[in-house]
Amino acid sequence: QYFPGIYARGESAECPRKPAPDMVFKAMEALGVSRCIYVGDSEVDVLTAKNAGMPCLCVLWGFRDKEDMAAVGGVHFCEQPKQLKEKIEELIHGK
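Note that this note's numbering has the sequence shown beginning at 8, numbered continuously upward.
So this is what it looks like as structure tokens:
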């Protein structure tokens, strides 16, 4: 209703919670994509992306700080929302 075209998925009996990659795979299937970049703000998000075999862009205005996400393997960081598009483009093009 508020965000048409945006897919949202949560934990359910057939879809375990993060860091299991099931929610990511179900979202990708619903959107008809075979590759994506996971954007997250916590250690669990970094681990979910890792379990799904995809890069994670860690945003620093959310739940955890850079050190927490780096401690579990986060390597791509976005400091401000206005940088989000640029950082995603960098990941797409391997920078």
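We put the beta carbon where it would ideally sit given N, CA and C, even for glycine.
Since we're looking at a predicted model, the values are computed, not measured.
LEU54: not part of any beta strand (DSSP E); member of the alpha helix (DSSP H) spanning 50-59, first to last residue.
Of ARG42, ILE13 and THR55, the smallest CA-CA separation from GLY81 is found for THR55.
Taken through DSSP and simplified to helix, strand or coil, VAL66 comes out as strand.
VAL46 places its beta carbon 8 Å or farther from that of LYS25. GLN87 has its alpha-carbon roughly 24 Å from the corresponding atom of GLY12. The DSSP-derived three-state label of PHE84 is strand.
If you ignore the 5 residues before and after MET30, its C-beta comes within less than 6 Å of the C-beta of ARG16 and CYS22, all in its own chain and listed in chain order.
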